[in-house]
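Numbering (my numbering), first residue to last: 5 to 130. Even for Gly, the Cβ is constructed at its ideal location relative to N, Cα and C. Note that this is a predicted model, so its numbers are computed, not measured. Taking it in order: structure first as C-alpha cells, then the write-up.
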C-alpha cells in the first residue's frame, strides 16, 4: 500500500459517512467495485452491480429518514476491515430503533470488492 493511499479502515469510514450519514448514493462510484460480492450467512453469494448496490442502499434511505452508525470496534489488515457497529435508525414517524452487527469488507485498489454482513441484532453491544 502506498503511504498516500487511504487505509482500508479509512475507506470504510468514508463509505459509512458519505453513504449513510450524508445519504449520498453517488459516493458509491468511488468507493465500491463494480460488481461487488455480498457473502450471505446461508452460504450464498450475491453479486451486485454498482447500480444494484445503489438501489439496495436507497431502499434503506426510503425506510429511514436518518441513520447514524458508530463503529465500536475496527480491526484491519492489508486488505480487510471488520467492524462491530451500532446504528440508530429513525423511521418516517420519528421512532428510533437501535441495531448492532458485524460487517467485514475486502478492499482492493481502493474500492470495496466484497462484504460479509449477517442480519443485525436488536439493541446495542454489551
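If we count the other Cβ atoms within 10 Å of its Cβ and call it buried at 16 or more, is residue i buried or exposed?
i: residue 40; result: buried
i: residue 113; result: exposed
i: residue 15; result: buried
i: residue 53; result: exposed
i: residue 119; result: buried
i: residue 51; result: exposed
Locate the alpha helix (DSSP H) running through residue i, then write down its first and last residues.
i: residue 19; result: 12-19
i: residue 63; result: 54-67
i: residue 34; result: 32-35
Less than 8 angstroms between the C-beta atoms of residue i and residue j, yes or no?
i: residue 122; j: residue 45; result: yes
i: residue 35; j: residue 49; result: no
Hey, quick one: how far does the beta strand (DSSP E) through residue i stretch, first residue to last?
i: residue 47; result: No beta strand (DSSP E) holds residue 47; DSSP gives it neither H nor E.
i: residue 93; result: 84-95
i: residue 105; result: 100-112
i: residue 120; result: 115-120
Thinking C-alpha only, which one of the options is nearest residue i?
i: residue 43; options: 125, 116, 96 and 130; result: 116
i: residue 96; options: 104, 81, 69 and 103; result: 69
i: residue 125; options: 98, 91 and 99; result: 91
i: residue 33; options: 55, 129 and 80; result: 55
Contact between the region 86-94 and the region 106-125 (3+ Cβ pairs under 8 angstroms)
The region 86-94 is in contact with the region 106-125.
Task: Any 3 or more C-beta pairs closer than 8 angstroms across the region 22-34 and the region 52-68 - done: With three or more CB-CB distances shorter than 8 angstroms, the region 22-34 counts as touching the region 52-68.
_Under 8 angstroms: do the region 47-61 and the region 71-85 share three or more Cβ pairs, one atom per stretch?_
With the cut-off at 8 angstroms, the region 47-61 and the region 71-85 do not touch.
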